[in-house]
Structure formats: structure tokens, C-alpha cells
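S.K.: For the protein sequence lines, the chains are A and B, in the order given.
For what it's worth, the working numbering labels the leading residue of the first sequence as 1, then goes sequentially.
For what it's worth, the working numbering labels the leading residue of the second sequence as 1, then goes sequentially.
Even for Gly, the Cβ is constructed at its ideal location relative to N, Cα and C.
From a predicted model like this one, the values you see are computed outputs, not experimental measurements.
One structure coming up, written as C-alpha cells, with questions to follow.
2 protein chains.
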Amino acid sequence: MRVKKIVLAAALTMVAAVTLAGCGKKSSSVTTTGSTSGNYQGVIEDGRYKTSKARGVNTAQNSNVNNLKAFEAGLTNVSKQVFSTKSYIFQEGQYLSSGTLENWLGRKTSSNPTGLNPAKGKSSDPNPVYIQQIEEQDYMQQSGDSLKLKGIVIGIGVNSEYTYQKTTGGPNYTKDISDAEVQKQGKLAAQKILKRLRERKSLKNVPIVIALFKQAPDDSLVGGTFFAYSKNDGDTISSWKSLNYKAVVLPKASDATSNEASDQSDNSNFTNFKTQIQSFFPNLSGVTAQAEYQNNSLSGMNITVTTQFYSQTEIQSFTEYILQAAKKYLPSGIPIEIKIESSNGIQAVVFRNSGSSSYQVHVFGAY
Amino acid sequence: MRVKKIVLAAALTMVAAVTLAGCGKKSSSVTTTGSTSGNYQGVIEDGRYKTSKARGVNTAQNSNVNNLKAFEAGLTNVSKQVFSTKSYIFQEGQYLSSGTLENWLGRKTSSNPTGLNPAKGKSSDPNPVYIQQIEEQDYMQQSGDSLKLKGIVIGIGVNSEYTYQKTTGGPNYTKDISDAEVQKQGKLAAQKILKRLRERKSLKNVPIVIALFKQAPDDSLVGGTFFAYSKNDGDTISSWKSLNYKAVVLPKASDATSNEASDQSDNSNFTNFKTQIQSFFPNLSGVTAQAEYQNNSLSGMNITVTTQFYSQTEIQSFTEYILQAAKKYLPSGIPIEIKIESSNGIQAVVFRNSGSSSYQVHVFGAY
Chain A
1 MRVKKIVLAA
11 ALTMVAAVTL
21 AGCGKKSSSV
31 TTTGSTSGNY
41 QGVIEDGRYK
51 TSKARGVNTA
61 QNSNVNNLKA
71 FEAGLTNVSK
81 QVFSTKSYIF
91 QEGQYLSSGT
101 LENWLGRKTS
111 SNPTGLNPAK
121 GKSSDPNPVY
131 IQQIEEQDYM
141 QQSGDSLKLK
151 GIVIGIGVNS
161 EYTYQKTTGG
171 PNYTKDISDA
181 EVQKQGKLAA
191 QKILKRLRER
201 KSLKNVPIVI
211 ALFKQAPDDS
221 LVGGTFFAYS
231 KNDGDTISSW
241 KSLNYKAVVL
251 PKASDATSNE
261 ASDQSDNSNF
271 TNFKTQIQSF
281 FPNLSGVTAQ
291 AEYQNNSLSG
301 MNITVTTQFY
311 SQTEIQSFTE
321 YILQAAKKYL
331 PSGIPIEIKI
341 ESSNGIQAVV
351 FRNSGSSSYQ
361 VHVFGAY
Chain B
1 MRVKKIVLAA
11 ALTMVAAVTL
21 AGCGKKSSSV
31 TTTGSTSGNY
41 QGVIEDGRYK
51 TSKARGVNTA
61 QNSNVNNLKA
71 FEAGLTNVSK
81 QVFSTKSYIF
91 QEGQYLSSGT
101 LENWLGRKTS
111 SNPTGLNPAK
121 GKSSDPNPVY
131 IQQIEEQDYM
141 QQSGDSLKLK
151 GIVIGIGVNS
161 EYTYQKTTGG
171 PNYTKDISDA
181 EVQKQGKLAA
191 QKILKRLRER
201 KSLKNVPIVI
211 ALFKQAPDDS
221 LVGGTFFAYS
231 KNDGDTISSW
241 KSLNYKAVVL
251 PKASDATSNE
261 ASDQSDNSNF
271 TNFKTQIQSF
281 FPNLSGVTAQ
291 AEYQNNSLSG
301 MNITVTTQFY
311 SQTEIQSFTE
321 YILQAAKKYL
331 PSGIPIEIKI
341 ESSNGIQAVV
351 FRNSGSSSYQ
361 VHVFGAY
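Dropping the structure here:
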């Protein structure tokens, strides 16, 4: 059982080293996936990816796939603030099983004493389900011939609205949950979870990070965002660090108002990009974006362009044109993804990854 | 009306120049899309892409989308051998209209004297439809303030099989069309088309390139390939240059045999890649490829990996792992595309474009 050394300077040398370790071994051993710059390596055991002990629980918990993806990608971003990608290896959660998490995500009843959500109360005015999803991530370092747990990160997704029926099969009612209540319920659950984890012998002494995520409504075109995290060495949470993320859809509806001057200029830049793109073909293209803000500055965009193509040469030309428009109208210094789609699915992609200064372009082909 | 200068050295300087010309102008003018290294710029007129006069004809002519994409991308590759991407601008065909092409693609009858396909003959043993699709590409250069036509490329897709019913609603019968017949019918049609084009005043003196493509069967998992082209200054085709392309699906069926040692080693490299990938998750991944051969050497691969993901972290880790496996097992020096898909569509892409020596990776995200 050998684990390759973790001290990695340049991403490229690293990748070469990992190739040898990560591929081809099939005996009982721990290796890693390798990683590109700024991303974690993942744990492979006996030639297979070490999947989560609660694999699939959160997939079932989210009817809005944006919430699922934003939660998991966002949690990894929180982790990167505490556990450097150069010094730590990522392992899917191994301490909380599906059964444990399903109990925790349920309502507290006599048969489910560990439920983090309140009992239902009366059907005409039920208590909301607050805690919607929980995810565990493990961060490892090499210790002799094996990997040793050096930190745990727990994400907690808290609902911002609750939908219920007063009678079975009756109409849907929705209760808004205030930001103050989201914060309160998230922090209560975090404290309970921290205590429960510290009761386990193997988790007595590792740093435990807990991060709180506000779920977007089920019909939202963007997912929720993380708003606070806490790093703990003991069993009581003493302080929280605020996170200031926001996800919005662009272009904004004409009646949407914002006090942020930066928001307005981002929206107008995007609208210029959209106008430029839409006039390209006689048939109109759909152009929308998810935009993320961190500390009130635009921190990333995912753009989807949908149109009808009549030939591969049209796809090639349109993609070149979109690249030029992106360079002209979209902000520099942040990750940007542009998916170019037809009714047959994705046809091309233009992107600039996090940490990169140049766009990459690929037109999907066929032989 | 201004067209920017065409002499372009480095792709990067070019792209910067084109940005200014290609974007933002809306008055009556001809500009170009800009281009990435090794690709043509396309013509934009009055702010819109100049679409083909026969837009959509070939979309309707191909029930196998691989034939459509392989035909159009392959035709552009033939064009690149004659008209350099640095000196010529690509324009979608402007001389053959939908009506003209639809007549040419029909059978020759008294009401359709220009049909390139033979009359049907008796229903019990009909003559095949040989000519399935035709595409025109125009190659332009700057001349004063406008673009001038400097060459035309015509692609002709010839069927390798013909499916028919003896009675309406009856069972399907299929006739194979031999390679010799494909060649003969393609060359006959090419000569007729060349003569017809030369009869037009505007096409009297431009070089006309005609390229012949053998269509793959409708149920093929790869498209057809170009097998010959001819560059002509007059109205009679005197000689053909052979093109040696082949498209195959990997992994090969176990009963498939090949005399080419290189094919076998390519297949075994791909099988190693596939095995490495498939064992990564407890649930099996589907891994298939389209491989293209030029002059009996592997010249490109499009790989599709399909699996079930349970989290964004699984997608990220799997993508990193695939990158390492690609570097280890897949050949260098040729374009490679790896689509990583789930039932929800594409999740990530790993690719190395033509002319590039390094892989690019993108995991599709959500905010």
C-alpha cells in the first residue's frame, strides 16, 4: 500500500507523477485521481473511486438540480479556503452513512429521535422542513503508507420556502422562510451535528468545518448559495464567518431593480453580448446566463446559447463569432462558460476556467 | 463597406484585429467572424451571418446525423488542402439555391430534367438513388472594398446502399452499392455539375473543386468519408486525387478482423483506456469511440463516456481521472474529444484540438 507524496509544486509535474500512480494499479492500494491546477486529487482504493457512504442521498433531496450542483461545487469552494488543494486530498464522506443522513434529514419523532427537522404539528399549518440536504467531505494527508483524516467539512442546506398540502391531494401552499430563520435553523442544526460528530472516537480531534447554504426555491433558474461557515476544534461553535454570495439570472427582467451600480453595468454588458449574438442568424437565438456574485462583484457566469443550426459550418462560424463577442463584452478575470446548443444537444463550448486568462474553444465533431 | 486585410500571421494578433472589425458594426458592411488557429473566418453581411442559399437542404437529406456532420466537416478539410485558411475567407454557398439542389438531388424525369439520379424503373427492382447530398462552399479574398469569389468547392455524397419498398407500406429491401459503382456515379455527377456551373457567367473563371463522399448506411454509428477530389480550371474533369479516409467504431466487435497491425494496436490502446475508465465507479460506464483513419494512420477520435453520477464531486474526480488515462493510453499528436455524459446530458469535456499538444478540461457547472 503506497500513497504518492503530496507536496506538489507545479500542477504539470504533479499530473505527470500522478499518471503513474493513478492509473494501472489494480492491487489493494490507495492512489489518487490526479488533478488539474486548483482542484483536489480524489481517493482511489483498489482501483475504484472511493464513493460516499451516503451516495445518492442528496440527489434524491433536490428537485432543483441547480441546488444540488451549486451546493456541492460551493461546498468544495468553502473547503478550499481551509484545506489547500496542494496539501490535502479530497475523499468523499466516509463517516455519515445514507441511513444516518436520512434520519437526520427527517422530522424528529419518537421513532426518529435524531431528526433535525421539527415535528409536523397540525396539517392546516405545519412546521416547515428546514434542513433539506447535508453533505460530508473528508480531507486527507499522507501518513506513512496510508491516508489519514485531517479535516471534515459538512455542508447544511436550509430551505428558504416550504411547500405543503393541507389535505392529501389538495392544493399546494407555500410558506416563505425568512433569512433570519434560515440562519437560526442552520446554526441550530450545525451545533447538533458538531456534537454528534465529536461523540465518534475517530472524529474527536480533527478540525470540523460546517458551512450553511440557503436553498433556492424549487422553480429557481439558479441554485442557492453558502452564507456562513465555521471551523471548529472543540464541540461548541463559537463563531461564524459570513460568506457573501448571490446567484442571479441574466438578462434581468425589465422590472427588476437593484441598488448596486455594478449589477446594472454587468447586466448591460451581458445584454450587449446577447444582442450581438442574437442578430447573427436570421433565426433568433436564446441567450441566458447564471451569474454569481461574491462580495458584490461578479465572480462567474454560465451562459447558454440555443439556436437552430443548419450545418456544421454554421456551428463553426457561430462559435468563432461568440468567442470574439465574449472577448469584447464579457468581463475578464473570472470563470466563464458558454454552452452552444441546438435541439440535438450541445454543439460547441467556449470557456475560460477559474485561474486561466484565456478562452478555450471546442466544436463537437463526428466521424 | 470595408473588409479587413486578410494577410494574417499569428492567430492571436488576428483574433484581436477581427474583434474590432467583426463585432459591433451594424451598418451595411461586410465583416468576418474572426477565427481560431487553423479555421476559416466566415462572412458577416449587414451584421448577420451570410447563410447558404440552400440552407437546410442537406439537413433534410440525411437521416443519419453522422453523415451530415462528417460530410460538412470533411468538405472543409478538403477545402483547406486547396484554399489556405490564412489567405481565404469562407462563405456559405451562394450560387446553388435550395430549388436548384432539390431538383439535382431528384430523379431525372420529364418534369425534372436536371435530376442527377436515374429514373426509378420497375418498383420490384428500382434503380438506386445514388446522389444523396450536395454542398457548395465559396472561398473569398479581399478585392478593394469588397470580397471577391476566388474558388468554389462542391461536395457530393454518394450512397453506399439503397433501401426501398416493392409495394407501398411493404417490407424494406436494401441493395448494396459497390465501391466501384459509388466512384462511377460520383464522377458522372461531378462532371455534370462542373459543366452546369461553368455555364454561369460568374463562375466561368474560378477554380472549382469537386470532392466525392461515400455515405455511410443510415444505421451506422460513424458517418461516411471523402474518397477523391479534383481541382478544375476548365469544364472537363481530367484527373482525380485519391483521399484515403476510414471511420470506425471502437472498441471493435470481437469477430471483427483487420489486416492492419496499426488498427489492432489502436484498438487495444482504446480497450485499455476503456477498462481503466469502466472500473472507476461501482456502476459501469459506457465507453465508445468514433475513430478516423487517414492513410491508414489514426487521425482523430471522438470518445463518449456515459455513466450515472451521484454528485458534482464525482464528476470532478472522474474527469481528472479520465484526463490521466487519456494521457497514458491515447495517442499523441491527433485531435481527441472525450464527452462525459449522464442521463442529464453532458457533464464535462476533455479534448485536444487539432494542432494543439495539450488537453483542455472543462466541468460544466451551475450557480
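According to DSSP, what are the bridge partners of residue 138 of chain B?
M.R.: Paired residues: B:91, B:152.
S.K.: Counting only Cβ-Cβ distances shorter than 7 Å, please list the residues of the segment 294-310 of chain A near chain B, keeping chain order.
M.R.: Those would be 300, 302, 310, in chain order.
S.K.: Just checking: is the beta-carbon of residue 195 of chain A within a distance shorter than 9 Å of some beta-carbon in chain B?
M.R.: Not an interface residue.
S.K.: In or out: residue 137 of chain B buried (at least 16 other Cβ within 10 Å) or exposed?
M.R.: It is buried - the Cβ of residue 137 of chain B has at least 16 other Cβ atoms within 10 Å.
S.K.: Identify, in the order they occur along the chain, each residue of the same chain with its Cβ nearer than 7 Å to the Cβ of residue 25 of chain B, setting aside the five sequence neighbours on each side.
M.R.: Here the model assigns residue 25 of chain B a pLDDT of 38, short of 50, so the residue's position is not dependable, and the following value carries that caveat. If we look at residue 25 of chain B and ignore the five residues flanking it on each side, its Cβ neighbours are 31, 47.
S.K.: Beta-carbon of residue 264 of chain B versus every beta-carbon of chain A: anything under 9 Å?
M.R.: By this cut-off, residue 264 of chain B is not an interface position.
S.K.: State the beta-bridge partners of residue 163 of chain B as determined by DSSP.
M.R.: B:174.
S.K.: Out of B:177, B:89, B:366, which one is the CA nearest neighbour of residue 141 of chain B?
M.R.: Out of B:177, B:89, B:366, B:89 has the C-alpha closest to the C-alpha of residue 141 of chain B.
S.K.: Could you tell me whether any Cβ in chain B is nearer than 9 Å to the Cβ of residue 47 of chain A?
M.R.: Yes, contact with chain B.
S.K.: Cα-Cα, which of B:220, B:163, B:221, B:306 is closest to residue 287 of chain B?
M.R.: The shortest C-alpha separation from residue 287 of chain B is found at B:306.
S.K.: Check residue 24 of chain A in the structure and name its three-state DSSP category.
M.R.: At residue 24 of chain A the pLDDT is 37, less than 50, meaning the model places this residue with poor confidence; the figure from the coordinates comes in the next sentence. Residue 24 of chain A falls in the coil class under three-state DSSP.
S.K.: DSSP puts residue 298 of chain B in a beta bridge; with which residues?
M.R.: DSSP, once it has assigned bridges, lists B:293 as partnering residue 298 of chain B.
S.K.: According to DSSP, which residues form a beta bridge with residue 212 of chain B?
M.R.: Paired residue(s): B:156, B:228.
S.K.: Please list, in chain order, the chain A residues whose beta carbon lies closer than 8 Å to that of residue 62 of chain B.
M.R.: Those do not exist, as residue 62 of chain B stays about 11 Å from chain A at its closest Cβ, beyond 8 Å.
S.K.: Report the residues of the segment 204-234 of chain A with a CB closer than 9 Å to any CB of chain B, ordered along the chain.
M.R.: Flagged, chain order: 222, 223, 225.
S.K.: Quickly, what does DSSP pair residue 45 of chain B with across the bridge? List them, please.
M.R.: Bridge partners of residue 45 of chain B: B:30, B:48.
S.K.: For a minimum of 3 consecutive residues, which ranges assigned as the beta strand (DSSP E) are wholly contained in the segment 235-284 of chain A?
M.R.: Whole beta strand (DSSP E) segments, 3+ residues: 245-250.
S.K.: Roughly how many angstroms separate the alpha carbons of residue 369 of chain A and residue 265 of chain A, rounded to a whole number?
M.R.: Outside the displayed range of chain A (1 to 367) lies residue 369 of chain A, so it cannot be described from this structure.
S.K.: What residues are listed by DSSP as bridge partners for residue 334 of chain B?
M.R.: In DSSP, residue 334 of chain B forms no bridge with anything.
S.K.: Helix, strand or coil, according to DSSP, for residue 369 of chain B in the structure here?
M.R.: Because chain B is modelled from 1 through 367, residue 369 of chain B falls outside the range shown and cannot be assessed.
S.K.: For the alpha helix (DSSP H) containing residue 71 of chain A, name the first residue and the last one.
M.R.: Start and end: 65-82.
S.K.: On the premise that residue 210 of chain B lies in contact with residue 193 of chain B, defined as a C-beta separation below 8 Å, what is that separation, rounded to the nearest angstrom?
M.R.: 7 Å between Cβ atoms; contact.
S.K.: Counting only beta-carbon atoms, is residue 85 of chain A nearer than 9 Å to chain B?
M.R.: False, the Cβ-Cβ gap to chain B never drops below 9 Å.
S.K.: Could you tell me whether the Cβ of residue 11 of chain A comes closer than 9 Å to any Cβ of chain B?
M.R.: Low local confidence applies: a pLDDT of 32 at residue 11 of chain A is under 50, so the model's placement there is unreliable, with the coordinate-based value given in what follows. Residue 11 of chain A does not count as touching chain B.
S.K.: Can you give the Cα-Cα distance for residue 253 of chain A and residue 342 of chain A, rounded to whole angstroms?
M.R.: Those two C-alpha atoms are separated by around 24 Å.
S.K.: With distance defined between alpha-carbon atoms, name the residue in A:233, A:94, A:108 nearest to residue 204 of chain A.
M.R.: Checked all of A:233, A:94, A:108; the closest Cα to residue 204 of chain A is A:233.
S.K.: Residues of the segment 270-288 of chain B with a CB closer than 7 Å to any CB of chain A: list them in chain order, please.
M.R.: Cβ contacts with chain A: 276, 279, 280, 281, 282.
S.K.: For residue 68 of chain B, which residues in the same chain have their Cβ closer than 7 Å to its Cβ, ignoring the five residues on either side in sequence?
M.R.: So the qualifying residues of the chain are 58, 59, 62.
S.K.: Near residue 222 of chain A, which residues of its chain fall below 7 Å by C-beta distance, leaving aside the five closest residues on each side in sequence?
M.R.: So the qualifying residues of the chain are 66, 216, 247, 248, 249, 290.
S.K.: Please name the residue, chosen from B:302, B:338, B:214, B:237, that lies closest to residue 319 of chain B on a Cα-to-Cα basis.
M.R.: The residue with the shortest Cα to Cα distance from residue 319 of chain B is B:338.
S.K.: Tell me, please, whether the CB atom of residue 365 of chain B is closer than 9 Å to any CB atom in chain A?
M.R.: Yes, contact with chain A.
S.K.: Mapping DSSP to helix, strand and coil, what is residue 363 of chain B?
M.R.: Three-state DSSP puts residue 363 of chain B in a strand.
S.K.: I'd like to know whether the C-beta of residue 339 of chain B is nearer than 9 Å to at least one C-beta of chain A.
M.R.: Chain A, which has a Cβ nearer than 9 Å to the Cβ of residue 339 of chain B, makes this yes.
S.K.: Quick one: Cα of residue 271 of chain B to Cα of residue 251 of chain B, how far?
M.R.: Distance between the alpha carbons of residue 271 of chain B and residue 251 of chain B: 6 Å.
S.K.: Might you give, ordered along the chain, the residues of its own chain that have their beta carbon closer than 6 Å to the beta carbon of residue 115 of chain B, omitting 5 neighbours on each side?
M.R.: Same-chain partners within the cutoff: 106, 107, 108.
S.K.: Mark residue 199 of chain A as exposed unless 16 or more other C-beta atoms lie within 10 angstroms of its C-beta, in which case mark it buried.
M.R.: Residue 199 of chain A is exposed by the Cβ-count criterion.
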